[in-house]
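Data first, discussion second: the structure below is written as structure tokens.
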Amino acid sequence: MSKLTDFDSGLIESLFIKYAKVNTRSDANSHTVPTTVGQVKLAKIVEKDLHDLGIKNAKYEPDNSYVIGSLPSNSEKDLSAIGFIAHLDTADYNAENIQPQIHPNYDGGEIVLNAEKQIVLSPKEFPLLKNYIGQRVITTDGTTLLGADDKAGVAAIFGALKYFLRHPEVEHGEVKVAFGPDEDIGRGAKRFPAKEFGTEFAYTLDNGQPGQIAAETFNASEAKIDIRGTAVHPGDAYGLMVNAVTLANEIVSALPKDEVPEKSRGHQGFILVTDMNATVGEAHLNLIVREFDTQKYRRHLALLHQIVDRINERYDSPRVSLKINEQYQNIGDTVKKHPYIVNLALNVYHRLEIKPNMTPFRGGTDGNAITAKGIPTPNLFNGGDNFHGPYEYVSTEAMTKTAQVVSEIVQEHVREYGQRDELPVKLS
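Numbering (our numbering), first residue to last: 1391 to 1818.
In structure tokens, the structure reads:
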């Protein structure tokens, strides 16, 4: 079994800081692939770094903006390949001129991010900081995000590859890696080259504390409702006016009142009205539907149709139109059929004395689209926290722990050869 000191934490930290400084903020309003030039810049840096590390087959693919590479098997066993995936883009928050700051031997107190602006990262507000006492904590200067989501995952994968290259005596199957674009706007993995990647299963390293396994995600849809009213002078409105504002309010009132984000957690889903613009003459509503239970998710979508149909039945011609765009499906429905994938990670956590934390992921990852393409892909962790904002942080030790977990999963796959444990696992 590998030890944490077997991993090049200096390489992991230096690569993370280099990658964090590249502005890769994705742009939902862009129609290019990827949506921002910074992602191309970083992809080409990562491609070169893979070559320099010893992954000579690494290549950047302009058609899908993925960097793909593999470490060949050194085993005589007929082992299936395992994939590890991280994304290069960052969320919709200031990512210009990122200045990572290293706080060695963190003492558990407040971290001053920006004295001039009085921006402080405090364990009183963010209690998980206490888990990083004694570690090299990396933060921003309080004016940008950091990019640990998901450049920590990228750096950790490099750390695992470096371990195998430095220890050729360690038996392993083929390890494939992929670094992709536009995860934070839900586009990148739709172009994931699953056939070329060709692994039996994979893991994303996207968000989360050590020990996390997210083998379930929401089912997700967005809905757009357009309402056509009839605007006339209110003094002459009897029998003529159809008030789109009133119909919009009727639709919102017909939604389940307690199934909203502010009242949901764990496995509870919700319907959220994200915005509404309404006048007497027309109204427009945007909603999102999120639910783990696939049958309940379908009932929610059916409910939206029923609400719209009931209103339209009152008029000679339809006044309300509904368009639903299904965004992604719960990976748990597929992962449950392949328990070996989760059991493999759980075995490694127990071996490394990491407390497992099976949590339903209240969102989506690249694993949703990749799973839909035939490669079951749960999410592990990258060791960071407070993603998508100025209080984001990660530690060198947590990223190194991620690298160790990656390498041990590959080795556990060898140990399990011929005796795969297909016992079911409880996903939460």
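Note that the Cβ used here is the ideal one computed from N, Cα and C, for glycine as well.
The continuous beta strand (DSSP E) containing L1511 extends over residues I1509 to L1511. Look at V1436 here: in three-state DSSP terms it is helix. Annotation note: the stretch 1692-1720 contains the following uninterrupted beta strand (DSSP E) runs of length 3 or greater, listed N- to C-terminal: 1710-1718. With contacts defined by Cβ atoms closer than 8 Å, I1575 and T1530 do not form a contacting pair.
Residues of the same chain with a CB within less than 6 Å of the CB of A1592, apart from the 5 flanking positions on each side, are G1473, I1475, I1765 and T1767 in chain order.
N1720 places its beta carbon 8 Å or farther from that of N1633. Taken through DSSP and simplified to helix, strand or coil, T1664 comes out as strand. For the 8 Å CB-CB criterion, L1742 and E1802 do not form a contact.
In the three-state scheme derived from DSSP, where H, G and I count as helix and E and B as strand, K1763 is classed as coil. I1407: member of the alpha helix (DSSP H) spanning S1399 to A1410, first to last residue. By the beta-carbon neighbour count (other beta carbons within 10 angstroms, threshold 16), K1541 is buried. Beta-carbon to beta-carbon, F1582 and I1760 are separated by about 5 Å, close enough to satisfy the 8 Å threshold. Annotation for A1634: the continuous alpha helix (DSSP H) segment containing it runs A1634 to S1643. Excluding its 5 nearest sequence neighbours in each direction, K1434 has C-beta neighbours in its own chain below 7 Å: Y1450, listed in chain order.
In the structure shown, the three-state DSSP call for H1740 is helix.
Annotation for D1417: T1425 and T1426 place their beta carbon closer than 6 Å to its own, counting only its chain and skipping 5 residues before and after. For E1451, the enclosing beta strand (DSSP E) covers residues K1449 to E1451. A direct Cα-Cα distance of roughly 45 Å separates E1787 from M1666. The beta carbon of E1672 sits closer than 7 Å to the beta carbons of I1617, R1618, G1619 and A1634 from its chain, once the five residues preceding and following it are set aside; these are given in chain order. DSSP places Y1456 inside the beta strand (DSSP E), whose first and last residues are Y1456 to L1461.
By the Cβ-count criterion, D1453 is exposed, with fewer than 16 other Cβ atoms from all chains shown falling within 10 Å of its own Cβ. DSSP lists I1472 as the bridge partner or partners of F1591. Remark: C-beta atoms of L1712 and V1815 do not approach each other more closely than 8 Å.
Look at the stretch 1544-1573 and you find these whole runs of beta strand (DSSP E), each 3 residues long or longer: 1565-1570. Ranked by Cα distance from I1407, the first of A1545, S1707, Q1658 and S1420 is A1545. Under DSSP, N1769 forms a beta bridge with T1594 and A1604.
Counting the other CB atoms within 10 Å of its CB gives K1438 a total below 16, which places it among the exposed residues.
With a cutoff of 8 Å on beta-carbon distance, Y1783 and V1527 are scored as near each other.
When the alpha-carbon of N1484 is set against those of A1471, S1643 and Y1781, the nearest one is in Y1781.
The Cβ-Cβ distance between R1709 and L1637 falls below 8 Å. For V1502, same chain residues with a beta-carbon under 6 Å away, outside a window of 5 residues either side, are V1510 in chain order.
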